[in-house]
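Okay, structure first, notes after.
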Amino acid sequence: MKKLLLMILPAFICAGSLFAQTSTVSGVWERGKTKAVKMFKIVEGGNLSEVATSALGEDGSFRMTFTPEQEGYFVLGTSSSVFQNRYTFYMKPGDPLNVRILPESYELIGKENTAENKEMVRWHDFIFPLEDKAVYFMGKHSTYVDFFPLLEEKLDKLGSYKVKKTKNKVFDTTFADFRKYDLLFNAVQFIYTVRSAHPQKEDFIDYYRQIDIPAIARTTSILNYPGGLRLFVNAYMLKAMVSDSSSAGEKRKNPVSAMLKEDVGMISNDTIKGEIALMFSGMSKTQVGLEQYKKEYGSFLITDSQKERWQRIEDNFRESMEKKEIINLTFPNAEGNDISLSDFRGKVVYIDIWATWCGPCKKEMPAMKALEAEYKDNKDIVFMGISVDASKNIQKWKDFVIKEQLPGVQLFAGDMAGPALSKPYKITGIPRFMLVGKDGSLLYMDAPRPSSSEIRAVLNDALKK
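Residue numbers (the working numbering): 389 to 853.
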């Protein structure tokens, strides 16, 4: 019997130990209308991955549990994709978190919160005036005129800001980096949000010119900050903008090339390079373009995780290409004759969906004309424009086509644009370009623009089939 008890007892101890690793997050949400609150862990590149969720009670209360795989920074909020309505906390396995989300900020409640999160809230209280203007800016009419002096004031006070050491050496070390990135985030975020007035190069305070990109890029610590990789890229581009570099404009056009190939000594950490390569792979709208991108930047993918994520990107492209659907559209031309896509079966059709009132559409027209001129001797390709101007503006469309000398097949969707184009093909903005294969199947619902670097490779690939 004693032997049996000895065998059972360790099992209970083990089970109790595992149970203690579960962390409980509870509190009250007093800000706006939301149905649920979520807890996120920080994964590759500083992206957020949901680990727990709780519906709100009628009084705004919430409660959820999760098991942190390891100690580190976690985010409480309503969405992984927006910066508003979310806050960062430090959690160890078994740590409780009790918090009240106020209309404008948050506070810890109860007596169970950890020393680490008490330091987190102290820092947040310090940085809040900047966050309030940088993140929660709607309706506050803040511009650089009032933000820059506030930022300088906070920078002056950093020297006297007293950090209280906890008994957690890991937290104390990483928290120093966290504060640095949190300050940088608010400074950068302010510039990248819509304002009634934006600073010119000479208006920026020295903080922006002194952003030390090489120092940040020596380690992967910024990837442990929520949205860390995007913050790094935005900071890099902002530093280029406020510097005296004449190549700042070119860097904005092709940031991945600038960071990985031109500014060779700027980023020394290979993992960050790989994350940048993955991040900008989204610029490739087609499998052909993705293959081109891989040839140019695939060598920067070094970790197993980066290679696995790249493989998923390739698989998704491959699956989308296999799900082809036959497409047919019919709209009138300037003479009032109905023209159908099926009339061009056996040819590749590159479609431009546009409107006379659309500025970005007009910007693409010179590139479209140049592209069309390159393929004018190829009888296997047709360039088609479909206007989504309102039916009452049909004469305006006709005049525009003549004035701009738009070549190719020009059709007018008018009021049928919604049911015939926008709804079935999920078009929420223009210009939108679509590519139809020789067999009448939709190759790309969202094809590259005429001005893109991959469009010629995409058209040539379609012409081979």
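All C-beta atoms, glycine included, are put in the ideal place defined by N, C-alpha and C.
Predicted model only: the values in this text are computed from it and were never measured.
Report yes or no: do three or more beta-carbon pairs, one from the stretch 583-601 and one from the stretch 460-469, lie closer than 8 Å?
no
Report the CB separation of Gln699 from Gly662 in whole angstroms; it is logged as a contact under 8 Å.
Contact flag wrong, Cβ pair sits at about 14 Å.
How big is the Cα-Cα spacing for Gln577 and Tyr624?
13 Å
By the three-class DSSP mapping on this structure, what secondary structure does Thr674 have?
coil
On a CA-only basis, which of Lys627, Arg583, Asp591 and Thr691 is nearest Pro602? Give me that one, please.
Lys627
Reduced DSSP category for Tyr763 - H, G, I as helix; E, B as strand; rest coil
coil
Classification of Gly465 by the beta-carbon crowding that lies within 10 angstroms, buried from 16 upward:
buried
Drop a sphere of 10 angstroms on the beta-carbon of Ser743, count the other beta-carbons inside from all chains shown, and report buried for 16 or more, exposed for fewer.
A small fix is needed here, since residue 743 is Ala in this sequence, not Ser. Counting Cβ neighbours within 10 Å, Ala743 comes out buried, since at least 16 surround it.
Roughly how many angstroms separate the alpha carbons of Lys791 and Pro838, rounded to a whole number?
20 Å
Can you check DSSP and say which residues form a bridge with Gln798?
Gly773
Could you name each continuous alpha helix (DSSP H) segment of 4 residues or more that falls completely within the stretch 510-548, going from the start of the chain to the end?
532-546
Bridge-paired residues (DSSP) for Tyr494
Ile489
At which residues does the alpha helix (DSSP H) containing Val551 begin and terminate?
Neither: Val551 is in no alpha helix (DSSP H) and is coded neither H nor E.
Would you kindly check if the distance between the Cβ of Val676 and the Cβ of Asp854 is under 8 Å?
Residue numbering for the chain in the displayed model covers 389 to 853; residue 854 lies beyond these limits and cannot be assessed.
Answer yes or no: do Ile727 and Leu799 have a C-beta to C-beta separation smaller than 8 Å?
yes
For Gly404, which residues of its own chain have a beta-carbon under 6 Å away from its beta-carbon, when the five flanking residues on both sides are left out?
Caution is warranted here: a pLDDT of 38 is assigned to Gly404, below 50, making its placement in the model unreliable, and the coordinate value is therefore given only provisionally. None.
Specify whether the stretch 531-545 and the stretch 511-522 touch according to this definition: at least 3 beta carbon pairs, one from each stretch, less than 8 Å apart.
yes
For my contact list, Ser449 and Val413 are in at a C-beta cut-off of 8 Å; report their separation, rounded to the angstrom.
Not confirmed; about 12 Å, so no contact.
Considering only C-alpha positions, which residue in the set Ala808, Met756 and Phe688 is nearest to Arg844?
Met756
Identify the residues that DSSP records as bridge partners of Tyr613: which are they?
In the DSSP output, where bridge partners are listed per residue, Tyr613 has none listed.
Just to confirm the assignment: which complete beta strand (DSSP E) runs, minimum length 3, are found wholly within the stretch 786-835?
797-800, 820-824 and 830-832
Give me the Cα-Cα distance between Leu444 and Thr718, rounded to the nearest whole angstrom.
49 Å
Where DSSP assigns a beta bridge to Trp417, which residues make up the other side?
Ile489
Shortest alpha-carbon distance to Arg510 belongs to which of Tyr494, Gln409 and Tyr524?
Tyr494
Counting along the chain, where does the alpha helix (DSSP H) carrying Gly724 start and finish?
Note, Gly724: premise wrong, no alpha helix (DSSP H); not H, not E.
Does the stretch 581-589 come within contact of the stretch 603-613, defined as at least 3 CB pairs closer than 8 Å?
no
Is it buried or exposed for Ser840, if we count other Cβ within 10 angstroms and need 16 for buried?
buried
Can you give me the Cβ contacts of Tyr685 inside the same chain, cut-off strictly under 8 Å, excluding the 5 residues immediately before and after it?
Val644, Leu648, Ala665, Phe668 and Ser669
Spatial distance of Asp591 from Tyr549 (CA atoms):
27 Å
Of all the beta strand (DSSP E) runs that stay within the bounds of the stretch 425-473, which reach a length of 3 or more residues?
436-443, 449-454 and 460-465
Identity of the residues DSSP links to Ile714 by a beta bridge:
Ser829
Kindly list the residues whose CB is nearer than 7 Å to the CB of Asn622, restricted to its own chain and excluding five residues on each side of it in sequence; keep chain order.
Val576 and Tyr580
Return helix, strand or coil for Ser411, following the three-state DSSP convention.
strand
If Met772 sits next to Val797, beta carbons under 8 Å apart, how far is it from one beta carbon to the other, in whole angstroms?
4 Å
Closer than 8 Å, CB to CB, is Ala761 near chain C or not?
Of the protein chains in the structure, only one exists, and it is not chain C.
Flag this pair as yes or no: are the beta carbons of Ile818 and Cys749 separated by less than 8 Å?
yes
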